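Residue numbers (our numbering): 889 to 1266.
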């Protein structure tokens, strides 16, 4: 089977058109039916880590949650008995945020997010035979669908609202979506285990399990858009105008509208948009959209206590680390450094392991304490 190169995918499909890839992988080391049972029955998950849907409607959380007994009386933990009854009655179970609860999926989501340059979340959909959880709709993020078990028929239709933003859900176009779903589909296909389907945001879809339980993963790519960049630019310009005394001045007494002041404000705003740099705000917003790689406190303490000049340390993964002058900004917080330590900090940012003596033992200790550096191999 012919595989697309990264360049071909970017040119022909990214944010443009669906792509179906047959037999991409067996995904056996990623997710499984056993993983579903463990997460639901043994992990003590709470809402909103699970949704339940049937015939296009989402069931109330109270119908599948309950307290968990002595020492764990929190009332919104998953009730495996209630979930079993709903599932046996045809409901779809949606395990949400698997990038936080299932390590193999979390690792994949982190790597994919780094590769694409956009944050990635992961959900699993478990649907009984001959059932569907959701009616025709579109998502406000791109998705990669990975079929894990069973088969599922997908009906794909072209967008009624291309490239929707996060605050433009399909329910805003409910009538148009319902009408478009009656037309001939762009793609009508059955996904089998190992298949991957890419859907850009806005493409309509509905899926129904076939003759066995269907399990598929959806990797949701929360794409940065030009509109989002425009928001960052506008916020940066407004922050710059706050420092202009003339822009802080009141409108004339008795003013009924902007009047002549509008021209002044427009000129100053255009100038501020030209002068300002939205990069710091953009990177701060981007850092806030995901978490750094997991950090075990006991392993980190052992590394700190056992630190020697030969200890190999590296930058913690998925930190979105960025050096602004003498300040290192990361998802784990920020640190300021004296001028003479900046070369060593820059060395750490290459992501490769380094002996503590290369950085300086004191600096390596400080970075480990801050959760910015971790021992290599962790």
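We treat Cβ as the ideally placed atom computed from N, Cα and C, and that holds for glycine. These numbers were taken from a predicted model, which means no experiment stands behind them.
- A direct Cα-to-Cα measurement between residue 997 and residue 955 gives close to 31 Å.
- Each of 965, 1257 and 1004 was checked against the Cα of residue 1189, and the nearest Cα belongs to 1257.
- Counting along the chain, residue 1125 sits inside no beta strand (DSSP E); it lies in the alpha helix (DSSP H) bounded by residues 1114–1129.
- In the DSSP annotation of this structure, the continuous segment of the beta strand (DSSP E) that includes residue 1097 starts and ends at 1092–1097.
- Annotation: residue 948 to residue 1130 spans about 46 Å, alpha carbon to alpha carbon.
- Cβ contact annotation for residue 1120 (same chain, cutoff 8 Å, sequence separation greater than five): 1166, 1169, 1170 and 1173, in chain order.
- About 14 Å separates the beta carbon of residue 1219 from that of residue 1237, a gap too long to meet the 8 Å contact definition.
- A straight line joining the alpha-carbon of residue 1030 with that of residue 1002 spans about 15 Å.
- The continuous stretches of beta strand (DSSP E) do not include residue 962, and DSSP gives it neither H nor E.
- Looking at the backbone, the Cα of residue 1186 and that of residue 1054 are separated by about 39 Å.
- Distance from the Cα of residue 1101 is smallest, within the candidate group 1032, 967, 964 and 921, for 921.
- Look at the stretch 1214–1246 and you find these whole runs of beta strand (DSSP E), each 3 residues long or longer: 1215–1218 and 1221–1224.
- Distance between residue 1137 and residue 1163, taken at the CA atoms: about 21 Å.
- Spanning the alpha carbons of residue 905 and residue 1048 requires a straight line of approximately 14 Å.
- Selection 945, 1064 and 927 evaluated against residue 938 yields 927 as nearest (Cα-Cα).
- In the structure shown, residue 1146 adopts coil according to DSSP, grouped into three states.
- In the DSSP assignment, the residues bridged to residue 1013 are 982 and 1104.
- For residue 1201, the uninterrupted beta strand (DSSP E) segment begins and ends at 1200–1203.
- C-alpha of residue 1254 to C-alpha of residue 1199: approximately 14 Å in a straight line.
- Assignment of beta strand (DSSP E) within the stretch 1006–1064, counting only whole runs of 3 or more residues, yields 1008–1015, 1030–1037 and 1040–1045 in chain order.
- DSSP places residue 1077 within a strand segment (E or B) once states are collapsed to three.
- Residue 974 is classed as buried because its beta carbon has at least 16 other beta carbons within 10 Å across all chains shown.
- Shown here, residue 974 sits in a helix according to DSSP, grouped into three states.
- Annotation for residue 909: the continuous beta strand (DSSP E) segment containing it runs 907–909.
- Beta-bridge annotation (DSSP): residue 939 is paired with 982.
- The continuous stretches of alpha helix (DSSP H) do not include residue 1089, and DSSP gives it neither H nor E.
- Assigned with DSSP and collapsed to three states, residue 1000 falls in helix.
- Setting aside the 5 residues that flank it on each side, residue 1205 is surrounded in the same chain by 1181, each with a C-beta closer than 6 Å to its C-beta; the list follows chain order.
- Residue 1115 sits exposed, since fewer than 16 C-beta atoms from the chains shown fall within 10 Å of its C-beta.
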